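Q: One structure follows; several queries about it will come next.
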Amino acid sequence: MSAQPLPATIDRIPPNNLEAEMAVIGSILVDREMLAAVGEIVRPSDFYAHVHEAIYSVLLELYERGEPLDKITVAEELRRRGVLERVGGLPYIGGLMDTVQSAASARYYATIVREKSVLRSLIHAGTEVSRLGYEGEEDVAASLDRAEQLIYTIGERRGITEFMPVSRLMKDAFDHIDRLFHMRGDRTGLTSGFRDIDAMTTGFQPGNFVIIAARPGMGKSSFALNMAVAAARLESEPIAFFSLEMSNNELIQRLICAEARISMNDMRRGNIKQHQWEEISRAMGLLNELPLYLDDLGALTVSDVRSRCRRLKSMGGLGAIFIDYLQLVRPGVLARNTNRNEELSEICRSLKMTAKDLNVPIVALAQLNRGVEIRSEKRPMLADLRDSGSLEQEADVVAFLYRDGYYNPETNEPDLTEFIIAKHRNGPTGTVKLRFQREFTLFLPHGDESHFPSA
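If you read the sequence shown in this note's numbering, its first letter stands for residue 5, the second for the next number, and so on.
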């Protein structure tokens with residue numbers, strides 16, 4: 005009976021339980037319905053003995069084809085693959101059925117097999133981490149990220165690399181559709197904090213990479229903070245906010261001003277009236293209850309973002325990631341010594357992969373270049389991003405903030421702000437009108453004095 009090879013640096017027999025592996029397969033041969041339960045726990049590569057891996061793979065394929073699961077059908081499929089004699093032939097397959105008195109304990113046996121597989125994965129990961137320690141001197145941060153990712157992948161039980169047949173994905177798809185049916189609302193993903201935006205986007209979905217771009221002075225940071233607060237209020241999981249430009253103290257002041265409706269200029273000068281202290285206290289109490297996590301350590305790489313968010317997710321989940329703003333993210337070692345557009349392209353690709361890996365939406369702010377200023381029509385367009393690497397290509401949603409009052413002070417509505425959804429991979433594009441109360445660093449629905457959602 006052959007076993008999976010181990011690195012040469014390890015001379016001990018790796019963790020395994022051949023009896024549990026035999027019992028798992030035997031239970032399935034006794035009762036085919038056990039495969040549905042066992043299949044949620046173990047995959048073929050979790051088996052230590054290659055013969056058991058081969059037999060379990062055949063059981064999965066026969067089950068997917070709706071064929072009987074017994075020693076005859078399994079032996080025939082193994083013969084067709086040319087490996088029947090290698091696994092011990094029909095006598096060995098039949099003997100597996102004799103290892104169990106009842107199939108009822110199949111899940112318990114499968115859990116043992118999976119646990120031993122995890123321990124072996126840790127051994128392999130430890131060997132790889134050791135190699136990184138010896139060879140990763142040129143980029144310590146990248147080596148740390150790789151080491152953390154190795155362990156994280158094991159902990160998340162998400163290291164499956166095989167193709168997944170559609171038949172095995174249908175149940176999850178049905179459950180997702182059923183969840184959407186029972187929600188039956190405008191929003192099925194992360195809220196923006198504004199009903200009209202949520203109605204157009206249905207919320208930002210897990211794995212989405214969202215870019216919100218604008219020229220300076222349009223209120224990008226304020227909008228992102230407003231959105232993060234709304235998400236923290238309505239989502240059941242923590243929200244991470246990375247500020248590469250402002251300190252945590254500045255962010256907190258903005259949050260308090262928006263919640264308490266106190267002028268930012270007045271707060272900075274300490275010009276606070278007696279009755280406003282009650283509003284400040286109320287605002288701080290509400291904000292204190294939010295699962296909102298701020299990080300103001302500048303000069304971050306995508307690896308830093310990914311590492312911090314993995315730890316946050318492991319402690320209590322993760323609902324979304326906000327980054328203010330893209331052009332201040334440092335490139336990783338592989339993207340250095342290239343031009344800035346190529347660096348930004350690599351940063352965006354890495355952020356998209358991070359959103360997918362962590363299964364959360366990432367909302368990244370981006371600053372548009374001065375090209376917008378030199379033309380008569382100041383509203384941003386997708387073409388304005390094309391000089392900034394592959395921002396547009398990597399994003400699932402691209403939105404722009406535009407306030408005409410910034411360019412035309414005589415306008416009748418100086419606070420009117422357009423949230424322009426210029427790209428939406430899975431939905432419509434269009435414009436939502438908002439109001440920006442700059443003194444409070446607060447965005448409101450157009451024509452609505454109340455902030456949505458309420459606490």
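Every residue, glycine too, gets a C-beta built ideally from N, C-alpha and C.
Remember, it's a predicted structure, so these values are computed and weren't measured experimentally.
1. What are the boundary residues of the alpha helix (DSSP H) that Q371 is part of?
2. When DSSP builds the beta bridges, which residues end up paired with R215?
3. Could you compute how far the alpha carbon of R219 sits from the alpha carbon of P413?
4. As an exercise, report each continuous alpha helix (DSSP H) stretch of at least 4 residues that is fully enclosed by the region 185-268, in chain order.
5. What did DSSP end up calling Y329 once you bin it into helix, strand or coil?
6. E283: which of H428, R272 and A262 sits nearest, CA to CA?
7. Residues bridged to K427 by DSSP?
8. Go ahead and pull the three-state DSSP assignment for A53.
9. Identify whether A459 lies in helix, strand or coil by the three-state DSSP scheme.
10. Find the nearest neighbour of R199 within the set N21, T435 and S267, judged by alpha-carbon distance.
11. With distance defined between alpha-carbon atoms, name the residue in L304, I201 and K317 nearest to I475.
12. Pull up the distance between the alpha-carbon of Y406 and that of P384, whole angstroms please.
13. Taking one C-beta from the region 240-254 and one from the region 291-306 each time, how about it: are there three or more such pairs within less than 8 Å?
14. With distances taken from CA atoms, which of G99, R429, L448 and H428 is nearest E422?
15. Taking DSSP as the reference, what is the three-state secondary structure of T445?
16. Note the first and the last residue of the continuous beta strand (DSSP E) segment covering L389.
17. Are A264 and A287 close, meaning C-beta to C-beta below 8 Å?
18. Report yes if the CB atom of I116 is closer than 8 Å to the CB atom of N21, and no otherwise.
19. Go to D408, then tell me how far its alpha helix (DSSP H) extends in each direction, as first and last residue.
20. Which of helix, strand or coil does DSSP assign to G289?
21. What does the alpha-carbon distance come out to for the pair A79 and D308?
22. Tell me the DSSP secondary structure of T115 in three-state form.
23. What are the boundary residues of the beta strand (DSSP E) that includes L296?
24. In chain order, what residues of the same chain have a beta carbon less than 6 Å from the beta carbon of P48, not counting five sequence neighbours either side?
25. Identify whether V436 lies in helix, strand or coil by the three-state DSSP scheme.
A: Walking through what the data contain:
1. One-based indexing of the sequence shown puts residue 371 at position 367. Where Q371 is concerned, there is no enclosing alpha helix (DSSP H), although the beta strand (DSSP E) it sits in stretches over I366 to Q371.
2. Residue numbering aside, residue 215 sits at position 211 when the sequence shown is read from its first letter. Note that residue 215 is Ile in the sequence shown, not Arg. According to DSSP, which records beta bridges pairwise, I215 is partnered with A368 and V402.
3. Here residue 219 corresponds to residue number 215 of the sequence shown, with the count starting at 1. Here residue 413 corresponds to residue number 409 of the sequence shown, with the count starting at 1. When rounded, the distance between both Cα atoms is 16 Å.
4. 199-205, 224-238 and 252-264
5. Start at 1 with the first residue of the sequence shown, and residue 329 comes out as number 325. In this structure, Y329 counts as coil in the three-state DSSP scheme.
6. Here residue 283 refers to the residue found at position 279 of the sequence shown. Answer by Cα proximity: A262.
7. The residue labelled residue 427 in the question sits at position 423 within the sequence shown. K427 pairs with V402.
8. Within the sequence shown, numbered from 1, the residue matching residue 53 stands at position 49. It is a strand residue.
9. Position 455 of the sequence shown, counting from 1, holds the residue named residue 459. Unreliable positioning characterises A459 in this predicted model, as indicated by a pLDDT of 34, which lies under 50. A coordinate reading is not provided.
10. Counting from 1 along the sequence shown, the entry for residue 199 is found at position 195. Nearest option by C-alpha distance: T435.
11. Only positions 5 to 459 of the chain appear in this structure, which leaves residue 475 out of reach.
12. One-based indexing of the sequence shown puts residue 406 at position 402. One-based indexing of the sequence shown puts residue 384 at position 380. Spanning the two alpha carbons is a distance of roughly 7 Å.
13. yes
14. Here residue 422 refers to the residue found at position 418 of the sequence shown. Comparing Cα-Cα distances from E422 to each of G99, R429, L448 and H428, the minimum goes to L448.
15. By 1-based counting over the sequence shown, the position of residue 445 is 441. Coil at T445, not helix or strand.
16. Sequence index remark: in the sequence shown, residue 389 carries index 385 (1-based). Where L389 is concerned, there is no enclosing beta strand (DSSP E), given that its DSSP letter is neither H nor E.
17. To locate residue 264, count along the sequence shown from 1; it is residue 260. To locate residue 287, count along the sequence shown from 1; it is residue 283. Yes; because the gap between Cβ atoms is below 8 Å, this pair is in contact.
18. In the sequence shown, residue 116 corresponds to position 112, counting from 1. In the sequence shown, residue 21 corresponds to position 17, counting from 1. Yes, they are a contact pair.
19. Translated into positions along the sequence shown, residue 408 becomes position 404. D408 to Y411 is the span of the alpha helix (DSSP H), which, as asked, contains D408.
20. As a first step, residue 289 must be located in the sequence shown, where it is residue number 285. Looking at G289 - three-state DSSP - the assignment turns out to be helix.
21. Sequence index remark: in the sequence shown, residue 79 carries index 75 (1-based). Sequence index remark: in the sequence shown, residue 308 carries index 304 (1-based). Taking the straight line joining both Cα atoms gives about 51 Å.
22. Along the sequence shown, one-based indexing puts residue 115 at 111. Note: T115 maps to helix in three-state DSSP.
23. For this step, residue 296 is matched to residue 292 along the sequence shown. Here the beta strand (DSSP E) through L296 covers L296 to D299.
24. Sequence index remark: in the sequence shown, residue 48 carries index 44 (1-based). Closer than 6 Å at Cβ, skipping near neighbours: E57, Y60 and S61.
25. Here residue 436 refers to the residue found at position 432 when the sequence shown is read from its first residue. If DSSP states are grouped into helix, strand and coil, V436 belongs with the strands.
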